[in-house]
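First up is the structure itself, then whatever we jot down about it.
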Amino acid sequence: MSEPSYAKLLHSNAGLPLEVLRDILIPAILGKETDGILYWAGKDLARQFPVETEDDVSTIFSQLGFGDIKLQKKNKKQQVWIMSGGLVTDRLALDKNNFTLEAGFLAQQIELQTNATSEAQITEKKKNSVEILVQHNLKDTLTDIEPTKYITVENSTEESDSDDHDK
Numbered sequence: 001m002s003e004p005s006y007a008k009l010l011h012s013n014a015g016l017p018l019e020v021l022r023d024i025l026i027p028a029i030l031g032k033e034t035d036g037i038l039y040w041a042g043k044d045l046a047r048q049f050p051v052e053t054e055d056d057v058s059t060i061f062s063q064l065g066f067g068d069i070k071l072q073k074k075n076k077k078q079q080v081w082i083m084s085g086g087l088v089t090d091r092l093a094l095d096k097n098n099f100t101l102e103a104g105f106l107a108q109q110i111e112l113q114t115n116a117t118s119e120a121q122i123t124e125k126k127k128n129s130v131e132i133l134v135q136h137n138l139k140d141t142l143t144d145i146e147p148t149k150y151i152t153v154e155n156s157t158e159e160s161d162s163d164d165h166d167k
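The opening residue of the sequence shown carries number 1 in UniProt numbering; numbering runs sequentially from there.
Now the structure itself:
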């Protein structure tokens, strides 16, 4: 690792341990399979933390340390989401960055919410944001799945902390 890379990671919003694991160690282990494996890992993670609404997607996305995400536009066949925030900006500044975990996570969340096969891809990386396109076919619904049991997303960790002090 070069000195500039070390300095960037050490002073990033996520911190050195998470950034090293995510953008250096995992790609070193997985090699050319990194994109595919992280995409499917993201889909699996979304099945473990299914959320019911677009607002909940934004909340849990941030809580999982993926950065901020917001729905930019939507129609019957696709949705465009924008990832941003300090974590995303820091990772974009690295020579090698990968957002397929987040794309897989988002694709699966939309699939669970729409009950239609959904796939996502990174369509644009800018200096401070990443665009993710989620495509789905509402005519191609999933028929062999059990109803999703969505988790209840807490909108603020401060609320849960104050609740714990009251007990």
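Beta carbons are placed, not taken as given, at the ideal position from N, Cα and C, and that holds for glycine. Computed from a predicted model, the values in this text were never measured in an experiment.
Rank 99, 83 and 117 by C-alpha distance to the C-alpha of residue 26 and give the top, closest one.
-> Taking the sequence shown and counting its residues from 1, one reaches residue 26 at position 26. Residue nearest to residue 26 within the set 99, 83 and 117 is 99 (criterion: CA-CA distance).
Check the C-beta distance from residue 121 over to residue 47 and give it rounded, since I have them as a contact under 8 Å.
-> Against the sequence shown, residue 121 aligns to sequence position 121. Against the sequence shown, residue 47 aligns to sequence position 47. Contact between residue 121 and residue 47 fails: their C-beta atoms lie close to 19 Å from each other, not under 8 Å.
Around the C-beta of residue 43, are 16 or more other C-beta atoms found within 10 angstroms, so that it is buried, or is it exposed?
-> By one-based count along the sequence shown, residue 43 stands at place 43. Answer is buried; the Cβ neighbour count reaches 16.
Below 8 Å on the Cβ atoms is my guess for residue 87 versus residue 67; work out the distance and round it to an integer in Å.
-> By one-based count along the sequence shown, residue 87 stands at place 87. By one-based count along the sequence shown, residue 67 stands at place 67. Taking C-beta atoms under 8 Å as the contact rule, residue 87 and residue 67 qualify, at a distance of about 4 Å.
Tell me whether residue 142 sits in a helix, a strand or coil according to DSSP, three-state version.
-> Walking along the sequence shown from the start, residue 142 turns up at place 142. Residue 142 falls in the coil class under three-state DSSP.
If you compare alpha carbons, which of 78, 127 and 114 is closest to residue 147?
-> As a first step, residue 147 must be located in the sequence shown, where it is residue number 147. Selected option, being the one with the closest Cα: 114.
Is it buried or exposed for residue 103, if we count other Cβ within 10 angstroms and need 16 for buried?
-> What you label residue 103 is simply residue 103 of the sequence shown in a count that begins at 1. Buried, since its Cβ has 16 or more Cβ neighbours within 10 Å.
Is it true that the region 69-86 meets the region 18-37, where meeting means three or more beta-carbon pairs spaced less than 8 Å apart?
-> The region 69-86 vs the region 18-37: no contact.
What is the DSSP secondary structure of residue 82, reduced to helix, strand or coil?
-> In the sequence shown, residue 82 corresponds to position 82, counting from 1. Secondary structure of residue 82 (DSSP, three-state): strand.
What residues match up with residue 71 in a beta bridge as DSSP calls it?
-> As a working note, residue 71 is residue 71 in the sequence shown. In DSSP, residue 71 forms a bridge with 81.
What are the partner residues of residue 106, as DSSP defines its beta bridges?
-> For this step, residue 106 is matched to residue 106 along the sequence shown. According to DSSP, residue 106 bridges with nothing at all.
Beta-carbon contacts of residue 50 that lie in its chain and below 6 Å, excluding the five residues immediately before and after | For the purposes of this step, residue 50 is identified with residue 50 of the sequence shown, where counting begins at 1. Excluding residues within five positions, the ones whose Cβ falls inside 6 Å are 112, 148 and 150.
Own chain partners of residue 125 with C-beta closer than 7 Å, once the 5 adjacent residues on each side are dropped = The residue given as residue 125 occupies position 125 in the sequence shown. Once the five neighbours on either side are set aside, the close Cβ partners of residue 125 are 92.
Between the C-alpha atoms of residue 129 and residue 96, what's the straight-line distance to the nearest angstrom?
-> Looking up residue 129 in the sequence shown gives position 129. Looking up residue 96 in the sequence shown gives position 96. Cα to Cα, the separation comes out at about 15 Å.
Please go through the same chain and pick out, in chain order, the residues whose beta-carbon is closer than 8 Å to the beta-carbon of residue 74, but skip the five residues on each side of it.
-> The residue given as residue 74 occupies position 74 in the sequence shown. Cβ neighbours of residue 74 beyond the five flanking positions: 80.
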